[in-house]
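Letter by letter, the sequence shown follows residues 1062 to 1292 in my numbering. Quick reminder that beta carbons are idealized off the backbone N, C-alpha and C, glycines included. The structure presented is a predicted model; accordingly, all values stated were derived computationally and were not measured. What follows is one structure encoded as structure tokens, with my remarks underneath.
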Amino acid sequence: MSTLTGTALTPGPLLGGLVALPSVYRPQADTHLLAQTLAHEELGPGTDVLEIGTGTGALALQAAHRGASVTAVDVSWSAVATARVNAAVRRLPLRVLHGDFVARTAGRHFDLVVTNPPYVPAPRARLPSRGPERAWDAGPDGRLVIDRICAAAPALLRPGGVLLMVHSGMCGPEATVDRLTGAGLSAEVAARVSVPWGPVLRSRRSWLERQGLACEAEQWEELVVVRARNA
């Protein structure tokens, strides 16, 4: 496992200069941590990669730049359009699909699945259907999308295939590891970093404290990358 500090999170060349429509999530600390973890995976021609929730396409493009065959999925049409534009600008082959990742990948299997899903705890019990919050709000415990990915991972991964998923420590990394292990995968926290609270967390501090998800005056958020391998 690698433990990184906030100052270690420097964007790679493919994470800079990306265009994004107003409602599309731009690469931030979680993207950078996941990108650094992805850099240690073996990729190349013949490697089939899936990115769930591609946003600007940053991580999908990183994999495509290394020669992998990449499919990216997002529920937001704005994100789909953004990822397609960024792929075209960089002249990288990228298949970008709109819709739910389970439906759009039915029957397919991948060597690597990478995802930065919505994971911020939010008062509403359902996922938002529009707006920028769609990229981060994920129910009262922040696990509405995380748990779906954990459940779907065994069917998505080929034997020896790897899942890389980043999320907040508020969501319970141990629960993610336990779910993936219970599904038959070998899972661990592969990287972690602490970063200052961003505007979304600061805007709901009182609610997070009442829910027991944050301590009073807490200012740092732990981000983790969970790595799971299909035996």
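Proximal residues to Asp-1202 (C-beta, below 7 Å), its chain only, five neighbours per side dropped: Start at 1 with the first residue of the sequence shown, and residue 1202 comes out as number 141. For Asp-1202, the CB contacts under 7 Å within the same chain, skipping 5 residues up- and downstream, are Pro-1182, Cys-1232 in chain order.
Same chain only: Cβ atoms within 8 Å of Leu-1188, ignoring 5 sequence neighbours per side: Position 127 of the sequence shown, counted from the start, is the residue given in the question as residue 1188. In its chain, beyond the 5 residues on either side, Pro-1179, Arg-1195, Asp-1198, Ala-1199, Gly-1200, Leu-1205, Val-1206 have a beta carbon closer than 8 Å to the beta carbon of Leu-1188.
Leu-1241, buried or exposed, once every other Cβ within 10 Å from all chains shown has been counted against 16: Counting from one through the sequence shown, the residue named residue 1241 turns up at place 180. Under this definition Leu-1241 is a buried residue.
Pairwise C-alpha distance: Ala-1214 and Met-1062: Taking the sequence shown and counting its residues from 1, the one referred to as residue 1062 is at position 1. Taking the sequence shown and counting its residues from 1, the one referred to as residue 1214 is at position 153. Unreliable positioning characterises Met-1062 in this predicted model, as indicated by a pLDDT of 44, which lies under 50. The coordinate reading is nonetheless provided below. Cα to Cα, the separation comes out at about 21 Å.
Backbone secondary structure at Glu-1102 - three-state DSSP: Here the question's residue 1102 lines up with position 41 in the sequence shown. The answer is coil: DSSP assigns Glu-1102 none of H, G, I, E or B.
Cross-strand partners of Asp-1172 (DSSP beta bridge): Here residue 1172 is taken as the residue at index 111 of the sequence shown, counted from 1. Per DSSP, none; premise fails for Asp-1172.
CB of Val-1223 within 8 Å of CB of Arg-1127, strictly: Residue mapping note: residue 1223 aligns to position 162 of the sequence shown, counting from 1. Residue mapping note: residue 1127 aligns to position 66 of the sequence shown, counting from 1. The answer is no: Cβ separation not under 8 Å.
Glu-1283 burial status per 10 Å Cβ neighbour count (16 or more: buried): Locating residue 1283 in the sequence shown gives position 222, counting from the first residue. Burial state of Glu-1283 is exposed, judged by a 10 Å Cβ sphere holding fewer than 16 other Cβ atoms.
Nearest neighbour of Glu-1235, chosen from Val-1227, Val-1250, Pro-1154, Leu-1246 [CA to CA]: Sequence index remark: in the sequence shown, residue 1235 carries index 174 (1-based). Nearest C-alpha to Glu-1235 among Val-1227, Val-1250, Pro-1154, Leu-1246: Val-1250.
Backbone secondary structure at Gly-1230 - three-state DSSP: By 1-based counting over the sequence shown, the position of residue 1230 is 169. Helix.
Limits of the unbroken alpha helix (DSSP H) element including Ala-1148: Position 87 of the sequence shown, counted from the first residue, corresponds to residue 1148. Residues 1138-1151.
Residues near Arg-1165 by beta carbon distance below 6 Å, same chain, minus five either side: For this step, residue 1165 is matched to residue 104 along the sequence shown. Short of 6 Å from the beta carbon of Arg-1165, and not among the five residues preceding or following it, lie these beta carbons of its own chain, in chain order: Val-1134, Leu-1158.
Short Cβ contact (8 Å threshold) for Arg-1087 with Thr-1117: Counted from its first residue, the sequence shown places residue 1087 at position 26. Counted from its first residue, the sequence shown places residue 1117 at position 56. Inclusion of Arg-1087 and Thr-1117 in the CB contact set at 8 Å is warranted, their separation being smaller than that value.
For Val-1206, the three-state DSSP class (helix, strand or coil): One-based indexing of the sequence shown puts residue 1206 at position 145. For Val-1206, the secondary structure class from DSSP, reduced to helix, strand or coil, is helix.
For Gln-1123, the nearest candidate out of Ser-1139, Ser-1137, Glu-1103 (CA to CA): Against the sequence shown, residue 1123 aligns to sequence position 62. Comparing Cα-Cα distances from Gln-1123 to each of Ser-1139, Ser-1137, Glu-1103, the minimum goes to Glu-1103.
Spatial distance of Gly-1078 from Leu-1120 (CA atoms): By 1-based counting over the sequence shown, the position of residue 1078 is 17. By 1-based counting over the sequence shown, the position of residue 1120 is 59. Spanning the two alpha carbons is a distance of roughly 14 Å.
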